[in-house]
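Asker:
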Amino acid sequence: MNNKNYDLFFNQEGEETILLTVTDAEGNDLDVEPIANMEIEELNKEYIATFQINATTGEREEELLLFRYYENEDGEPILEGIDDEEELTSVSAAFMQYFQSQLQS
């Protein structure tokens, strides 16, 4: 993790505080909390599962949001929406399998 990304994931006391801001298709900013990421070899891409944080209450929303994840040439994280239905179905299934395996452990 480079120094720029460290500030995204940790506060000044070194405690983990992951909160990212993304912009939706309508131009609205959303705060999201990443909870898991994975690379799906068949798609040759990395993905991240997040929960939206309610701007008023600061609480997690119930709906899981999935994004394509990559870093630009400066090492800054980029979250990109998944528009392709087939890709979204594959990514959703992979995360569901991951979460189910975590619950069984």
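Going by our numbering, 91 is the number at position 73 of the sequence shown; the sequence numbering is gapless. Glycine residues also receive a C-beta, built at the ideal position from the N, C-alpha and C atoms. From a predicted model like this one, the values you see are computed outputs, not experimental measurements.
(1) Return the CA-CA distance between Gly6 and Glu57, expressed in angstroms with no decimal places.
(2) If you reduce the DSSP assignment to three classes, tell me which class Thr75 lands in.
(3) Considering just the uninterrupted stretch of the beta strand (DSSP E) at Glu51, what are its terminal residues?
(4) Quick check: what's the CA-CA separation for Asn55 versus Gly93?
(5) Rounded to whole angstroms, what's the CA-CA distance from Glu105 to Leu61? Just pull it up for me.
Answerer: Once the coordinates are examined:
(1) Lying before the first or after the last residue shown, residue 6 is absent from the chain, which here runs from 19 to 123.
(2) For the purposes of this step, residue 75 is taken as residue 57 along the sequence shown, with counting starting at 1. Thr75: coil per DSSP, three-state reduction.
(3) The sequence position of residue 51 within the sequence shown is 33, counting from 1. Here the beta strand (DSSP E) through Glu51 covers 47–58.
(4) Stepping through the sequence shown from its first residue, residue 55 is reached at position 37. Stepping through the sequence shown from its first residue, residue 93 is reached at position 75. Those two C-alpha atoms are separated by around 17 Å.
(5) By 1-based counting over the sequence shown, the position of residue 105 is 87. By 1-based counting over the sequence shown, the position of residue 61 is 43. The straight-line gap from Cα to Cα measures roughly 8 Å.
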